[in-house]
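Engineer:
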Amino acid sequence: MESFQRRSVKYLLLTVVVYAVLVATHLGEFWPFSIYPMFSKAGNPWTRAMVRDVSNTPDTLIWSTRPFDEVQGQPVALRQYGVDQIDFANFISKTTDWNHKRRRALRNMFGARAIGDQRFMAMKVTGRLAAGDSVEVKTIPLMLITRDTVYASPEMNLKQQ
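Going by the numbering used here, 120 is the number at position 49 of the sequence shown; the sequence numbering is gapless.
#1: Is it right to say Val221 is buried, meaning 16 or more other beta carbons lie within 10 angstroms of its own, or is it exposed?
#2: Can you give the Cα-Cα distance for Ala223 and Met121, rounded to whole angstroms?
#3: Around the C-beta of Glu226, are 16 or more other C-beta atoms found within 10 angstroms, so that it is buried, or is it exposed?
#4: So, Thr210 versus Phe159, is the Cβ gap smaller than 7 angstroms?
#5: Is it true that the CB of Val125 sits closer than 7 angstroms to the CB of Gly153?
#6: May I ask you to list the residues that DSSP assigns as paired with Glu141?
#7: Using a 10 Å radius around the Cβ and a threshold of 16 neighbouring Cβ atoms, would you call Phe181 buried or exposed?
#8: Going by C-alpha distance, which of Arg175, Ala183 and Leu213 is nearest Met192?
#9: Label Arg174 either buried or exposed according to how many other C-beta atoms from any shown protein chain fall within 10 Å of its C-beta, with 16 as the threshold for buried.
#10: Give me, in chain order, the residues of the same chain whose beta-carbon lies closer than 8 angstroms to that of Val196; leave out the 5 immediate sequence neighbours on both sides.
#11: Compute the distance between the beta-carbons of Arg178 and Ile133, then report whether it is under 7 angstroms.
#12: Taking the C-alpha atoms as reference points, what is the distance between Arg78 and Thr166?
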């Protein structure tokens, strides 16, 4: 009977360790912990992602951070390109090292043929509570996606790989 108890404790500890490693390596986005933070983090700053078609926007305007209601370009429906909105948002908001491989993965999400002659701007959208219980939302241009390449924002420090 003692060996059964020891094995049970050993398997229980192993399960807890594996679960903790999965949660730690996925930035807390491992079920069920991915559900509960939305309730416990009310009022904290947040980050989302969006894509705008900036094909008809002058180059001098596309790289500036601006309030959400002044953002340039037309909205791009991700579903139209077969891009999952949640995966895209996680990719944009959680990627900190935009090396060549990650930039290529971003372009491949849309497909070079699907982009055609258009220019898509991938942006972070951040929000926070401001004074007087108002919400401040701003858009931060990150990556300009074309059929051939992905250009990083001039304000980003990228590792060249």
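Beta carbons are placed, not taken as given, at the ideal position from N, Cα and C, and that holds for glycine.
Structural biologist: Let me spell this out:
#1: buried
#2: When rounded, the distance between both Cα atoms is 15 angstroms.
#3: Label assigned to Glu226: exposed.
#4: no
#5: no
#6: None; Glu141 has no bridge partner.
#7: buried
#8: Leu213
#9: buried
#10: Thr118, Arg119, Ala120, Met121, Phe139, Val208, Lys209, Thr210 and Ile211
#11: no
#12: 40 angstroms
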